[in-house]
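Asker:
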Amino acid sequence: MHYSDFGLSNTKTLLKRALRDGYAVPAFNFYNMETLDAILTAAQITQSPVILAVSEDALEYMGADILMGMIRGAKYKRGQIALHLDHGHSFEICKYATDLGFSSVMFDGSALPLEQNISESRRIADYVHKQDVSLETELGILSGTEDKNTKSLVHSYTDPSIVKNFVKQTQTDSLAVAIGTSHGVYKRKSANESLRFDILTQIANNIPNVPLVLHGASNIPQKYIKQINKFGGNIKNAYGFSPVQIRRAISLHIAKVNVDSDSRLAFTAAVRKTLNQNPSIFNPRDYLLKAKDEMTKNCIDEIQNIMGSGYKI
Ligand code: G3H
Ligand code: 13P
Ligand code: ZN
């Protein structure tokens with residue numbers, strides 16, 4: 013099926029407007045009915061465009077039929093929502109998502125030798141563009157040890173001197189950059205650690221018309237860490253970059269901001285609190301509803317206080 017049959021937009025369209033008007037479209041990851049509903053409810057309340065991000069693992073977890081069934085049944089405005097493959101690692105998975113009805117794919121060739129990253133990205137661009145599906149690619153490596161798909165112990169910043177040629181050769185629609193963020197909840201080692209705005213500025217100067225993407229952009233709200241630990245969890249030394257720093261990145265051509273860990277924390281904090289305070293409940297709907305509501309609240313908060321994407325549809 014083609015994504016337009018689902019009333020979805022591609023990310024090229026959404027990000028072009030965001031870059032022009034100086035805000036970022038949030039890409040929130042989801043993995044089930046509750047997390048999808050949380051994102052769509054937040055999008056509806058804030059009247060924000062939103063990118064629904066599905067990792068390879070999340071696609072496998074939900075299964076294509078259930079995932080696309082949920083998208084078919086979901087309520088959103090035409091022009092508001094993109095369905096995006098997050099961190100696709102092969103031509104085959106990007107093709108598969110495109111053919112299912114995704115409107116956007118990311119090919120993450122960041123760990124490949126540059127020439128191979130370019131040739132694979134271009135091969136995927138040629139396929140997805142025929143169906144007007146958008147392509148995001150990545151240069152530079154983000155560290156992070158949380159997830160199988162994004163696991164990397166090494167880190168290298170994006171080299172601003174190669175971005176122009178990379179975009180030209182790959183025909184990518186947007187570019188994910190490495191400027192100091194990382195995946196997961198352990199993002200910074202000291203309170204005064206800063207993102208590399210100098211690198212971001214050079215990248216933006218070299219490719220001013222290309223929307224840039226910030227992965228690993230959760231800010232790790234400390235209230236959720238505290239709540240998780242208070243009710244039986246054990247997450248220590250987990251810090252992200254402040255909303256002030258993310259907003260500054262948005263002012264420097266970041267037009268798509270990826271958030272997954274914050275949603276996981278909101279969801280888990282609510283589950284732990286609900287079960288802990290109500291030891292006799294055993295109906296999953298009781299705690300899943302609380303978790304969904306908390307994730308919705310956090311998505312709304314990030315749309316309003318970080319992304320600036322409210323009322324942009
Ligand atoms: O950056 C990747 C996302 O956090 C996806 O994580 O592969 O565990 O679904 P996942
Ligand atoms: P976080 O782990 O910071 O939420 O990053 C999510 C992400 O980059 C998804 O692609
Ligand atoms: Zn990512």
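Residue numbers (my numbering): 13 to 325.
Glycine included, each C-beta is placed from N, C-alpha and C at the ideal position.
Could you pull the start and end residues of the alpha helix (DSSP H) that Asn218 belongs to?
Answerer: Position 206 of the sequence shown, counted from the start, is the residue given in the question as residue 218. It spans Phe209 to Asn218 - the alpha helix (DSSP H) in which Asn218 sits, taken as one unbroken run.
Asker: In whole angstroms, give me the CA-to-CA distance for Arg29 and Asn288.
Answerer: Position 17 of the sequence shown, counted from the start, is the residue given in the question as residue 29. Position 276 of the sequence shown, counted from the start, is the residue given in the question as residue 288. Distance between the alpha carbons of Arg29 and Asn288 is about 44 Å.
Asker: What did DSSP end up calling Asp159 once you bin it into helix, strand or coil?
Answerer: Counting from one through the sequence shown, the residue named residue 159 turns up at place 147. Confidence in Asp159 is poor, its pLDDT being 48 and thus under 50, which makes the residue's placement too unreliable to answer from.
Asker: Measure the Cβ-Cβ separation of Tyr236 and Ala203 and say whether it is below 7 Å.
Answerer: Here residue 236 corresponds to residue number 224 of the sequence shown, with the count starting at 1. Here residue 203 corresponds to residue number 191 of the sequence shown, with the count starting at 1. Contact flag unset, no.
Asker: Quick check: the Cα distance between Leu126 and Ser155, rounded to an integer number of angstroms?
Answerer: Walking along the sequence shown from the start, residue 126 turns up at place 114. Walking along the sequence shown from the start, residue 155 turns up at place 143. The alpha-carbon atoms of Leu126 and Ser155 are separated by roughly 18 Å.
Asker: What residue does the alpha helix (DSSP H) around Val256 start on, and which one ends it?
Answerer: As a working note, residue 256 is residue 244 in the sequence shown. Where Val256 is concerned, the enclosing alpha helix (DSSP H) stretches over Pro255 to Ser263.
Asker: Among the candidates Asp49, Ser21 and Ser16, whose CA atom is the shortest distance from the CA of Leu300?
Answerer: Residue 300 sits at position 288 when you count from the first residue of the sequence shown. Closest by alpha carbon: Asp49.
Asker: Looking at the secondary structure, which residues open and close the alpha helix (DSSP H) in which Glu104 lies?
Answerer: Residue 104 sits at position 92 when you count from the first residue of the sequence shown. Phe103 to Leu112 is the span of the alpha helix (DSSP H), which, as asked, contains Glu104.
Asker: Would you call the CB atoms of Ile63 and Ala39 closer than 7 Å?
Answerer: The sequence position of residue 63 within the sequence shown is 51, counting from 1. The sequence position of residue 39 within the sequence shown is 27, counting from 1. Against a cut-off of 7 Å, the Cβ pair of Ala39 and Ile63 comes out as a contact.
Asker: Confirm, please, whether the CB-CB distance from Asp185 to Leu147 is below 7 Å.
Answerer: Indexing the sequence shown from 1 puts residue 147 at position 135. Indexing the sequence shown from 1 puts residue 185 at position 173. Taking 7 Å as the Cβ cut-off, Leu147 and Asp185 qualify as a contacting pair.
Asker: Flag this pair as touching only if the segment 101 to 117 and the segment 129 to 144 have three or more C-beta atom pairs under 8 Å; answer yes or no.
Answerer: yes
Asker: Find the nearest neighbour of Glu72 within the set His96, Gly152 and Tyr43, judged by alpha-carbon distance.
Answerer: What you label residue 72 is simply residue 60 of the sequence shown in a count that begins at 1. Looking at the Cα atoms, Tyr43 is the closest of the given residues.
Asker: Bridge partners for Leu20 per DSSP, in chain order?
Answerer: As a working note, residue 20 is residue 8 in the sequence shown. Bridge partners of Leu20: none, in fact.
Asker: Taking the alpha helix (DSSP H) that Phe178 falls in, what are its first and last residues?
Answerer: Here residue 178 refers to the residue found at position 166 of the sequence shown. Here the alpha helix (DSSP H) through Phe178 covers Val175 to Thr182.
Asker: Could you tell me which residues DSSP pairs with His96 in its beta bridges?
Answerer: Your numbering for residue 96 matches position 84 in the sequence shown. Answer is Ala65 and Ser116.
Asker: Only counting the same chain, and skipping five residues up and downstream in sequence, which positions put a Cβ closer than 8 Å to that of Ile293?
Answerer: Position 281 of the sequence shown, counting from 1, holds the residue named residue 293. Correct list, in chain order: Thr286, Leu287 and Tyr299.
Asker: Is Phe40 helix, strand or coil when you go by DSSP?
Answerer: Reading the sequence shown from its first residue, position 28 is the one you call residue 40. Three-state result, Phe40: strand.
Asker: Please name the residue in Ala123, Glu205, Val256 and His14 whose C-alpha comes closest to that of Ala94.
Answerer: Working through the sequence shown from its first residue, we reach residue 94 at position 82. Checking every option, the nearest Cα to that of Ala94 belongs to His14.
Asker: Does the beta-carbon distance from Val256 to Leu224 come in below 7 Å?
Answerer: Translated into positions along the sequence shown, residue 256 becomes position 244. Translated into positions along the sequence shown, residue 224 becomes position 212. It is not a contact, given that the beta carbons lie outside the stated cut-off.
Asker: Comparing C-alpha positions only, which one of Arg200, Asn218 and Gln239 sits nearest to Ala229?
Answerer: Working through the sequence shown from its first residue, we reach residue 229 at position 217. The shortest C-alpha separation from Ala229 is found at Arg200.
Asker: Is Ala76 near the ligand G3H, judged by its Cβ being under 6 Å from some heavy atom?
Answerer: Numbered from its first residue, the sequence shown carries residue 76 at position 64. Incorrect: Ala76 has no Cβ contact closer than 6 Å to the ligand G3H.
Asker: Taking the alpha-carbon positions, what's the Thr47 to Val175 distance?
Answerer: If you number the sequence shown from 1, residue 47 lands on position 35. If you number the sequence shown from 1, residue 175 lands on position 163. Their Cα atoms are separated by approximately 34 Å.
Asker: Would you list the one or two residues that DSSP bridges to Ser146?
Answerer: The count along the sequence shown starts at 1 and reaches residue 146 at position 134. Looking at the DSSP assignment, Ser146 forms a beta bridge with Ser116.
Asker: Counting along the chain, where does the alpha helix (DSSP H) carrying Val334 start and finish?
Answerer: Not covered by the structure: residue 334. The range shown for the chain is 13 to 325.
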